[in-house]
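Working notes, structure below.
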Amino acid sequence: MAHLLSIVVPCYNEEKTVETFYSEVMKVKKQLDLVEFEFIFINDGSTDNTLKKLKALELKDPKQVKFLSFSRNFGKEAALYAGLNYAKGDYITVMDADLQDPPSLLPEMFSLIQEGTYDCIGTRRISREGEPKIRSFFAKKFYKIINKISDVNIVDGARDFRLMTRQMVDAILELKEYNRFSKGLFSWVGFETYYLEYENIERKSGQSSWSFWQLFVYSLDGIIAFSEFPLVISAFIGIISFVVSIIALLFFFVRAAIFGDPTTGWPSLVCIILALGGLQLFCLGIVGQYLGKTFLETKRRPIYILKDKSDSFNQE
Ligand code: UDP
Ligand code: MG
């Protein structure tokens, strides 16, 4: 019996890459016997001609190509969720449109997953060639920190490029949270994952849509979504400064009782007030982050809004 493989591809301003992506993946198809393809491209509110290109691609190959189009840019995480939602395959893979996820790995991934031991075949870059040094440095630190302080295990260099069974995808779709941090979600649902390793490949064309600052905020979101540790830190800072203040109080009380009380020391007082005020604001900020996320979640807004989709979705 033939298997259906869904290929979920989020696209944000990828007019230059979608066609090459499609043809590169189709080249690999010959190596996969008895596998039918279903491409699901998600146009994530692109401002260029991505949607036009996707529609043209669908006209060319209506049997295999489908698209979803958002009403605005909702982000890659939302695009992934939409794609997984519409995917019908027994096996589902998510890939970037820029060919940084080599389609040539697909046959190996497919044969691994069919053995049945693993529910997910992930991919992992073992080099970060062609990436700014400082970016790699912070990325490494981020993986260290999040693995320490959260209950999910995120492999360093793991990409979103992965092949999953229907069962695992259904589990991921159960997680309907608004703040989606896929790397964490993939790990949180459990199941057995095997990581294939490969060398980093630079983007074919266009440029990464992530600035350093965006990545930084994204990593903080990841930590907040999967760990309560920052809250523990803020409580800890509070306790420590309270204990220190009690000790200092005793010290000054005794000193005043023995040596009298010369009224000096207002500069140190100012420093203490500033330091404590700063710590309080810092901790309030941490609490605020969680509260803000909770606020967004409680609104229960949809993760994405569709403006357009392939007609073939309606026929089913
Ligand atoms: N992407 C998206 N929405 C966004 C940003 C990116 O759908 O808001 C898609 C993008 O088209 C690409 C994938 O997510 O297919 C990865 O993006 P990119 O290559 O910019 O990220 P990087 O490879 O640098 O992590
Ligand atoms: Mg990329």
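In terms of UniProt numbering, the sequence shown is residues 1 to 316. Quick reminder that beta carbons are idealized off the backbone N, C-alpha and C, glycines included.
DSSP, reduced to helix, strand and coil, places Lys66 within a strand of the structure shown.
Excluding the 5 residues flanking it on each side, Phe39 has same chain C-beta neighbours closer than 6 Å at Ile7, Gln64 and Val65, in chain order. Ranking Pro107, Ala78, Leu68 and Phe74 by CA distance to the CA of Val28 puts Pro107 first. Residue range His3 to Cys11 is occupied by the beta strand (DSSP E) that includes Ser6.
Here the C-alpha atom of Lys144 lies approximately 9 Å from the C-alpha atom of Val155. Classified as buried, Cys283 has 16 or more neighbouring CB atoms from the shown chains inside 10 Å of its CB.
Within the same chain, Leu5, Leu106, Pro107 and Phe110 come within 8 Å of Leu32 by CB-CB distance, once the 5 residues on both sides are set aside. For Lys140, the enclosing alpha helix (DSSP H) has its first and last residue at Lys133 to Ile149.
For the pair Ile305 and Ala97, the Cα-to-Cα distance works out to about 21 Å. At a cut-off of 7 Å, the beta-carbon of Pro230 does not count as near the ligand UDP: no heavy atom of the ligand is closer than that. In this chain, the beta strand (DSSP E) harbouring Ala158 covers Ala158 to Thr165. If you draw a 10 Å sphere on the C-beta of Leu269, you find fewer than 16 other C-beta atoms in it, and that means exposed.
For Gly83, the three-state secondary structure derived from DSSP is helix. Membership of Ile113 in the alpha helix (DSSP H) is indicated by the continuous run Leu106 to Gln114. Of the heavy atoms belonging to the ligand UDP, none sits nearer than 7 Å to the Cβ of Gly122. The criterion of a C-beta distance shorter than 8 Å is not satisfied by Thr93 and Tyr195. With fewer than three CB-CB distances shorter than 8 Å, the stretch 286-296 does not count as touching the stretch 163-174.
Inter-residue distance for Arg166 and Tyr118 is about 12 Å (C-alpha atoms, whole angstroms). For Ala79, the shortest C-beta to heavy atom distance toward the ligand UDP is below 7 Å. Residue state for Thr193 is assigned as strand, using DSSP reduced to three classes.
The straight-line gap separating the alpha-carbon atoms of Glu58 and Asp308 is approximately 13 Å. By the beta-carbon neighbour count (other beta carbons within 10 angstroms, threshold 16), Leu249 is exposed. Contact check for Ile146 against Gly222 passes: the beta carbons are separated by less than 8 Å. According to DSSP, Val94 shares a beta bridge with Val8 and Arg162.
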